[in-house]
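Asks: Below is the structure I would like to discuss, written out as structure tokens.
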Amino acid sequence: MLPHYHQSIHATSRSCHNIHVGSRVKRKLPLETLYVEINDSSSGWHAIQEMVVRGAPAIAIAAALSLAVEVVNLGTKPTDMHGALQYIHQRLDYLVSSRPTAVNLSDAALKLKERANNAALTASGADDIYTAYVDAAEAMLASDVMSNKAIGDFGASLILSHCKRKENVRILTHCNTGSLATAAYGTALGVIRSLNFQGKLETVYCTETRPFNQGSRLTAYELVYEKIPTVLIADSAAAALQNAGKVDAVVVGADRIASNGDTANKIGTYNLALAALHHGIPFYVAAPLTSIDSTLSSGDSIIIEERSAKELTHSHGGQGLQVAASGVHVWNPAFDVTPAKLITAIITDKGIIAKKEDPAAFDIPAFLKDH
Ligand code: MRU
Numbered sequence: 006m007l008p009h010y011h012q013s014i015h016a017t018s019r020s021c022h023n024i025h026v027g028s029r030v031k032r033k034l035p036l037e038t039l040y041v042e043i044n045d046s047s048s049g050w051h052a053i054q055e056m057v058v059r060g061a062p063a064i065a066i067a068a069a070l071s072l073a074v075e076v077v078n079l080g081t082k083p084t085d086m087h088g089a090l091q092y093i094h095q096r097l098d099y100l101v102s103s104r105p106t107a108v109n110l111s112d113a114a115l116k117l118k119e120r121a122n123n124a125a126l127t128a129s130g131a132d133d134i135y136t137a138y139v140d141a142a143e144a145m146l147a148s149d150v151m152s153n154k155a156i157g158d159f160g161a162s163l164i165l166s167h168c169k170r171k172e173n174v175r176i177l178t179h180c181n182t183g184s185l186a187t188a189a190y191g192t193a194l195g196v197i198r199s200l201n202f203q204g205k206l207e208t209v210y211c212t213e214t215r216p217f218n219q220g221s222r223l224t225a226y227e228l229v230y231e232k233i234p235t236v237l238i239a240d241s242a243a244a245a246l247q248n249a250g251k252v253d254a255v256v257v258g259a260d261r262i263a264s265n266g267d268t269a270n271k272i273g274t275y276n277l278a279l280a281a282l283h284h285g286i287p288f289y290v291a292a293p294l295t296s297i298d299s300t301l302s303s304g305d306s307i308i309i310e311e312r313s314a315k316e317l318t319h320s321h322g323g324q325g326l327q328v329a330a331s332g333v334h335v336w337n338p339a340f341d342v343t344p345a346k347l348i349t350a351i352i353t354d355k356g357i358i359a360k361k362e363d364p365a366a367f368d369i370p371a372f373l374k375d376h
């Protein structure tokens, strides 16, 4: 995780399934790289909500670690066991309120609470609970790196076995799913890294990913840095690119996957999946098991974050020049839900989830859901 994607947003209003957030953004990458210090859960919350750190796994880890730093440094924290547990639970609930769509954050908070509760059963004092919390948060960081490498290797093998081409594979990806969205390596970008490492990759096509441009700012930045052959395209060029026969597989990340495989990911993912189906190109979702929300039977109830109109009406994520007519109405969802029927397979850190009988849905095995 490289926490130097500096920008900020503010909450404005809420509706049933959409959370609206406004934007007062100053972007730094790709022209300037800076590291932002996060010393407590409050600065962690702001870094997540303001997208200083973003990407589903990265926000979960940033939240967990921000509270770990607070726990280590805070002089006035509760000294009794009940108080310590209450404090950890409350701060985690607060952190979860920062962004709604990615499930990794709430999943991490749940697991950290469980870990603290379990520690309390044998603890001889509050300090044992705090130590257990910090250990668990640090373990999450290490585990995400391992999980991304596993996703990368499973995905590379799958693509090489599915694709007609066994060499010089061309991948289309969306948004940013790399080191800037995870602890390191990445999910969809991890698959691309593994293909490249094996010498099987010809080109990655990365979309700009309007309106926030995570593709052109972040994915292109990571790929160029690693000298992985990359071509940037406008989002609207993706169908034409597929029609031109330049794509062997589409690989994207996920913010939340329902039990049937419906997948919430960065806005525009659905368009890519529709175009892939039309052109007979496999469409893969690459994500850790922690992205599967087994409480949801379908993607219909996934909460979609809705963002500021200014991100569309002004350049530079809302901070630059006005580029739209004054007074125009705007709809700016940050994510969309791709129906499972458009997804060829889900690449996880524990293996590939494929469809069995029903081509419209995945039958995600229970042992995977109970990760
Ligand atoms: O709004 P963002 O930038 O946090 O959205 C990120 C994405 O949609 C990613 O593609 C997704 O989180 C997968 S991250 C490995």
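Under the numbering used here, the first residue of the sequence shown carries the number 6, and numbering increases by one thereafter. Built from N, CA and C at the ideal position, the CB exists for glycine as well.
Looking at the strands, I want to know which residues DSSP matches up with Asp-298.
Replies: Paired residues: Ala-263.
Asks: Along the beta strand (DSSP E) that carries Arg-175, what are the first and last residues, could you check?
Replies: Per DSSP, Arg-175 belongs to the beta strand (DSSP E) from 174-178.
Asks: If you measure from each residue's Cβ to the nearest non-hydrogen atom of the ligand MRU, which ones come out under 6 angstroms, in chain order?
Replies: Cβ-based neighbours of the ligand MRU within the cut-off: Arg-59, Gly-60, Ala-61, Pro-62, Ala-107, Cys-180, Thr-182, Ala-186, Thr-187, Thr-192, Gln-219, Gly-258, Ala-259, Asp-260, Asn-270, Lys-271 and Ala-339.
Asks: Could you name the residues of the same chain whose beta carbon sits closer than 8 angstroms to that of Lys-118, not counting the 5 residues immediately before and after it, in chain order?
Replies: Counting only Cβ-Cβ distances below 8 angstroms, and skipping sequence neighbours, we find Ile-93, His-94 and Leu-97.
Asks: Measuring straight from C-alpha to C-alpha, what distance separates Met-145 and Tyr-226?
Replies: So the alpha carbons of these two residues sit roughly 26 angstroms apart.
Asks: Quick check: the stretch 269-279 against the stretch 334-352, are at least 3 beta-carbon pairs closer than 8 angstroms?
Replies: At 8 angstroms Cβ cutoff, the stretches touch.
Asks: In whole angstroms, give me the CA-to-CA distance for Ser-299 and Leu-326.
Replies: When rounded, the distance between both Cα atoms is 43 angstroms.
Asks: How is the beta strand (DSSP E) around Thr-318 delimited, first residue to last?
Replies: That residue, Thr-318, is in no beta strand (DSSP E); its alpha helix (DSSP H) goes 315-318.
Asks: Do Tyr-190 and Val-150 come within 8 angstroms of each other at the CB atom, strictly closer than that value?
Replies: The answer is yes: Cβ separation under 8 angstroms.
Asks: In the DSSP assignment, the beta strand (DSSP E) including Thr-212 goes from what residue to what residue?
Replies: Note, Thr-212: beta strand (DSSP E), 206-212.
Asks: Could you tell me if Val-30 is buried or exposed, where buried requires 16 or more neighbouring beta carbons within 10 angstroms of its beta carbon?
Replies: The pLDDT assigned to Val-30 is 41, lower than 50, so where the model puts this residue is not dependable; a value taken from the coordinates is nonetheless given after this. Val-30 should be labelled buried.
Asks: Buried or exposed for Arg-312, going by 16 or more other Cβ atoms inside 10 Å?
Replies: Per the 10 Å Cβ criterion, buried.
Asks: Between which two residues does the alpha helix (DSSP H) holding Tyr-230 run?
Replies: 225-230 is the span of the alpha helix (DSSP H), which, as asked, contains Tyr-230.
Asks: On the three-state DSSP scale, how would you describe Gln-327?
Replies: Reduced to three states, the DSSP call for Gln-327 is strand.
Asks: In angstroms with no decimal places, state the Cα-to-Cα distance between Ala-245 and Asp-305.
Replies: For Ala-245 and Asp-305, the distance between alpha carbons rounds to 29 angstroms.
Asks: State the DSSP-derived secondary structure class of Ile-53, mapped to helix, strand or coil.
Replies: Correct three-state label for Ile-53: helix.
Asks: Look at Ala-89 and Ala-137 and say whether their C-beta atoms are less than 8 angstroms apart.
Replies: Taking 8 angstroms as the Cβ cut-off, Ala-89 and Ala-137 do not qualify as a contacting pair.
Asks: Put Ile-272 into one of helix, strand or coil per three-state DSSP.
Replies: Note: Ile-272 maps to coil in three-state DSSP.
Asks: Check the DSSP bridge columns for Arg-198 and list the partner residues they point to.
Replies: Note: Arg-198 sits in no beta bridge, so no partner.
Asks: Could you have a look at Arg-312 and say whether DSSP puts it in helix, strand or coil?
Replies: DSSP places Arg-312 in strand when its eight states are reduced to three.
Asks: Pick from Phe-288, Thr-38, Arg-215 and Leu-100: whose alpha carbon is nearest that of Ala-259?
Replies: The candidate whose alpha carbon is nearest that of Ala-259 is Phe-288.
Asks: What do you reckon, is the C-beta of Ser-302 under 7 angstroms from a heavy atom of the ligand SAH?
Replies: Here the bound small molecules are the ligand MRU; the ligand SAH is not part of this structure.
Asks: Can you list, in chain order, the residues of its chain whose CB lies under 6 angstroms from that of Ile-43, leaving out five sequence neighbours each side?
Replies: So the qualifying residues of the chain are Gly-49, Ala-52 and Ser-71.
Asks: Buried or exposed: Glu-55, going by 16 or more other Cβ atoms within 10 Å of its Cβ?
Replies: Flag for Glu-55 reads buried.
Asks: Which residues in the same chain as Ile-319 place their Cβ atom closer than 7 angstroms to its Cβ, once the five residues preceding and following it in sequence are excluded?
Replies: Residue identity differs from the one stated: residue 319 is His in this sequence, not Ile. Once the five neighbours on either side are set aside, the close Cβ partners of His-319 are Gly-325, Leu-326, Gln-327 and Val-328.
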